[in-house]
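In the UniProt record's numbering, the protein residues as written are 1 to 429.
Virtual Cβ for every residue (Gly too), placed ideally from N, Cα, C.
Only one structure is covered here, and it is reproduced in the block below.
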């Protein structure tokens, strides 16, 4: 995957294997795929699970190899490939001949993708063409635009310096690039006339990483079937980073995504079952099961919370969960903060499954008590684990009496292009 461009058919076969692994409990039985693979490959921030899109990940790995050739042109691999494929050309401009190997074709694919986010950090200005290269910013693609006089069409950045220095020639810049004067003057060329340097614009450090390359490939992937990210919910904060058990997080995620096998969803998949709620006879949706059914409403009313929750004002599972997760428990429960709501939802689901599959109907009181017990057991286990981890921490080394410690910090405000630096010296003892 890191050396060759995988065929689309192979990427789909790998994706299919991953999909079946995630949804199927047993290899001999295929279960319903409730959420599409495209949605699951969205980042957790955008409501997905962060699974890797195989094609984009393959591209990111090829970009990494291309970056290696650019960053270290004297390495053995670069010298061998240069002698065979681009002896008379630059790597950024060479092509793949008809006789090229699959490895070189993969490298060219990675190179072409890399070019979309490649820019220059100004050193001595000898390698950067003013009108053709991206050099005005180290964080995004930006190059001068507009009508160009023929005499200035082949300018390089070094021509914008004063003679024999790397100090900007303000008068010449105002003449040639009047609209970019402020931007250009904010750039700091190398005072020692170091070489111009290629940088990866999607990373603040300028270094290419496979992780950042993957996310860039996801952003630029043109696929009309990809829905826009669901940005109206803070998925990380409200679900995936909440203080509860991992299985509960996955359950709440499925509930909000409409991926629970309730009657309404099964009916839409042409499953021949009665879609009605086993308790009240209404159509069983996720919203109904967890928040609107008379049984669910009674469970929530018996839950020891600071104040009751009015789910009648909510129109979706997402809105209802937004209210439920903020509910605070009474101190008498022994449960801190907002821990209980996920366990109430989980036990409503378990009570439903017992009623459907085992014909056992739990009372509202038993459901609430079971949720409280489960929550307290999990919280107690977390405290025990935290104590164990604290014992394993390596103590900080003792400060030598009479020695001086220097503490420093720095900050940069991009909007006003101003930096700050502060430090303090403290004598120990």
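* To do: To the nearest angstrom, report how far apart residue 135 and residue 341 are at their CA atoms.
  => The count along the chain shown starts at 1 and reaches residue 135 at position 135. The count along the chain shown starts at 1 and reaches residue 341 at position 341. So the two alpha carbons sit approximately 52 Å from each other.
* To do: Quick one: give me the first and last residue of the beta strand (DSSP E) that residue 53 is part of.
  => Locating residue 53 in the chain shown gives position 53, where the first residue counts as 1. Unbroken run through residue 53: none, as it is neither H nor E.
* Let me know the secondary structure DSSP gives residue 196 once reduced to three states. => Here residue 196 is taken as the residue at index 196 of the chain shown, counted from 1. Coil, per DSSP.
* So, helix, strand or coil for residue 148, using DSSP? -> As a first step, residue 148 must be located in the chain shown, where it is residue number 148. If DSSP states are grouped into helix, strand and coil, residue 148 belongs with coil.
* What span of residues does the alpha helix (DSSP H) with residue 209 cover, start to end? -> The residue given as residue 209 occupies position 209 in the chain shown. Counting along the chain, residue 209 falls outside any alpha helix (DSSP H), and DSSP gives it neither H nor E.
* The beta strand (DSSP E) spanning residue 359 covers which residue range? -> Looking up residue 359 in the chain shown gives position 359. It is not in any beta strand (DSSP E) - residue 359 carries neither H nor E in the DSSP assignment.
* Count the other CB atoms, across all protein chains shown, that sit within 10 Å of the CB of residue 409; report buried if there are 16 or more and exposed otherwise. => In the chain shown, residue 409 corresponds to position 409, counting from 1. Exposed, because fewer than 16 other Cβ atoms sit within 10 Å of the Cβ of residue 409.
* To do: In angstroms with no decimal places, state the Cα-to-Cα distance between residue 412 and residue 418.
  => One-based indexing of the chain shown puts residue 412 at position 412. One-based indexing of the chain shown puts residue 418 at position 418. Residue 412 and residue 418: Cα-Cα distance of roughly 6 Å.
* To do: Ignoring anything shorter than 4 residues or poking outside the region 312–348, list the alpha helix (DSSP H) runs there in chain order.
  => 317–324
* At which residues does the beta strand (DSSP E) containing residue 182 begin and terminate? -> In the chain shown, residue 182 corresponds to position 182, counting from 1. That residue, residue 182, is in no beta strand (DSSP E); its alpha helix (DSSP H) goes 181–185.
* Secondary structure of residue 424, DSSP reduced to three states -> Taking the first residue of the chain shown as 1, we reach residue 424 at position 424. In the structure shown, residue 424 sits in a strand (DSSP, three-state: E or B).
* Would you identify the three-state DSSP class for residue 159, choosing helix, strand or coil? => As a working note, residue 159 is residue 159 in the chain shown. Helix at residue 159.
* **C-beta atoms of residue 287 and residue 47 nearer than 8 Å** => Here residue 287 refers to the residue found at position 287 when the chain shown is read from its first residue. Here residue 47 refers to the residue found at position 47 when the chain shown is read from its first residue. No, they are not a contact pair.
* To do: Grab me the residues of residue 142's own chain with a C-beta within less than 7 Å of its C-beta, minus the 5 sequence neighbours each way, in chain order.
  => The residue given as residue 142 occupies position 142 in the chain shown. Contacts found: 134 and 136.
* For residue 90 versus residue 208, is the C-beta spacing smaller than 8 Å? -> Looking up residue 90 in the chain shown gives position 90. Looking up residue 208 in the chain shown gives position 208. Contact flag unset, no.
* To do: Following the continuous beta strand (DSSP E) through residue 34, name the residue where it begins and the one where it ends.
  => Numbered from 1 along the chain shown, position 34 holds the residue referred to as residue 34. Careful: residue 34 lies outside any beta strand (DSSP E) and carries neither H nor E.
* **Burial state of residue 194 (16 or more Cβ within 10 Å)** => Here residue 194 refers to the residue found at position 194 when the chain shown is read from its first residue. When all chains shown are included, residue 194 counts as exposed.
* Report yes if the CB atom of residue 57 is closer than 8 Å to the CB atom of residue 214, and no otherwise. => By 1-based counting over the chain shown, the position of residue 57 is 57. By 1-based counting over the chain shown, the position of residue 214 is 214. Taking 8 Å as the Cβ cut-off, residue 57 and residue 214 qualify as a contacting pair.
* Asked: Which residues share a DSSP beta bridge with residue 122?
  -> Indexing the chain shown from 1 puts residue 122 at position 122. Paired residue(s): none; residue 122 is not in a bridge.
* Asked: Is residue 170 helix, strand or coil by DSSP?
  -> Walking along the chain shown from the start, residue 170 turns up at place 170. In this structure, residue 170 counts as helix in the three-state DSSP scheme.
* Can you name the start and end residues of the beta strand (DSSP E) that residue 413 belongs to? -> As a position in the chain shown, residue 413 is number 413, starting the count at 1. Start and end: 404–413.
* To do: Compute the Euclidean distance between the alpha carbons of residue 371 and residue 19, then round it to the nearest angstrom.
  => What you label residue 371 is simply residue 371 of the chain shown in a count that begins at 1. What you label residue 19 is simply residue 19 of the chain shown in a count that begins at 1. So the alpha carbons of these two residues sit roughly 31 Å apart.
* Through-space distance from residue 322 to residue 120, alpha-carbon basis -> Within the chain shown, numbered from 1, the residue matching residue 120 stands at position 120. Within the chain shown, numbered from 1, the residue matching residue 322 stands at position 322. In a straight line, the C-alpha of residue 120 is about 45 Å away from that of residue 322.
* To do: Helix, strand or coil for residue 262, going by three-state DSSP, please let me know.
  => The sequence position of residue 262 within the chain shown is 262, counting from 1. Coil at residue 262, not helix or strand.
* Residue interval of the alpha helix (DSSP H) (run including residue 13) -> In the chain shown, counting from the first residue as 1, residue 13 sits at position 13. Run containing residue 13: 8–23, per the alpha helix (DSSP H) assignment.
* Asked: CA-CA distance, residue 151 and residue 115?
  -> Counting from one through the chain shown, the residue named residue 151 turns up at place 151. Counting from one through the chain shown, the residue named residue 115 turns up at place 115. If I take the Cα positions, the gap works out to 28 Å.
* Where does residue 231 land, buried or exposed, given buried means 16+ other C-beta within 10 angstroms? -> If you number the chain shown from 1, residue 231 lands on position 231. Low confidence applies to residue 231: its pLDDT is 45, below 50, so where it sits in the model is not reliable enough to give any reading.
* Asked: If you draw a straight line from the C-alpha of residue 16 to the C-alpha of residue 59, how long is it?
  -> Here residue 16 corresponds to residue number 16 of the chain shown, with the count starting at 1. Here residue 59 corresponds to residue number 59 of the chain shown, with the count starting at 1. Near 19 Å, if we compare the C-alpha coordinates of residue 59 and residue 16.
* To do: Round the Cβ separation of residue 172 and residue 160 to the nearest angstrom and send it over; I've been treating them as touching at under 8 Å.
  => Against the chain shown, residue 172 aligns to sequence position 172. Against the chain shown, residue 160 aligns to sequence position 160. Between residue 160 and residue 172 the Cβ distance is about 6 Å, and since that is below 8 Å, they are a contact.
* Asked: Helix, strand or coil: which one does DSSP assign to residue 283?
  -> Locating residue 283 in the chain shown gives position 283, counting from the first residue. Note: residue 283 maps to strand in three-state DSSP.
* Asked: Which one of 250, 237 and 365 has the shortest CA to CA distance from residue 297?
  -> Along the chain shown, read from residue 1 onward, the residue named residue 297 stands at position 297. The residue with the shortest Cα to Cα distance from residue 297 is 365.
* residue 200 classed as buried or exposed, judged by whether at least 16 other C-beta atoms fall within 10 angstroms -> In the chain shown, counting from the first residue as 1, residue 200 sits at position 200. Around the beta carbon of residue 200, 16 or more other beta carbons lie within 10 angstroms, which makes this residue buried.
* Asked: Among 360, 266, 212 and 318, which has the Cα closest to the Cα of residue 279?
  -> Numbered from 1 along the chain shown, position 279 holds the residue referred to as residue 279. Taking only the C-alpha atoms, the option nearest residue 279 is 360.
* Secondary structure of residue 367, DSSP reduced to three states -> By one-based count along the chain shown, residue 367 stands at place 367. The answer is helix: DSSP assigns residue 367 an H, G or I state.
* Going by beta carbon distance, what residues of the same chain come within less than 6 Å of residue 421, once the five residues before and after it are set aside? -> Here residue 421 corresponds to residue number 421 of the chain shown, with the count starting at 1. Within the same chain, residue 421 has close Cβ partners 410.
* To do: Could you tell me if residue 170 is buried or exposed, where buried requires 16 or more neighbouring beta carbons within 10 angstroms of its beta carbon?
  => Translated into positions along the chain shown, residue 170 becomes position 170. Exposed, because fewer than 16 other Cβ atoms sit within 10 Å of the Cβ of residue 170.
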